[in-house]
């Protein structure tokens, strides 16, 4: 969102002199490569024509860790 609203790390990078076009280019590369990686790993997440079931242990692990992170963030 660098060209629309500079906040957080984007604001700091712009303050340090990073050109906005470079931030946009990096964002585009990151998003595109993320989509490519996600598409190749889709079956592991229960997606696509060759989907595999998501293991319940993994689901509960992610839910518990998310809860722990949220609680720690609220306490800090």
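Numbering (our numbering), first residue to last: 7 to 82.
Built from N, CA and C at the ideal position, the CB exists for glycine as well.
Residue i, enclosing alpha helix (DSSP H) - first and last residue
{"i": "residue 78", "result": "62-81"}
{"i": "residue 18", "result": "14-21"}
Three-way DSSP call (helix, strand, coil) for residue i in this model
{"i": "residue 49", "result": "helix"}
Residues of its chain near residue i, where Cβ-Cβ distance is below 8 angstroms and the 5 sequence neighbours each way are ignored
{"i": "residue 80", "result": "none"}
{"i": "residue 72", "result": "none"}
Proximal residues to residue i (C-beta, below 7 angstroms), its chain only, five neighbours per side dropped
{"i": "residue 64", "result": "none"}
{"i": "residue 19", "result": "29"}
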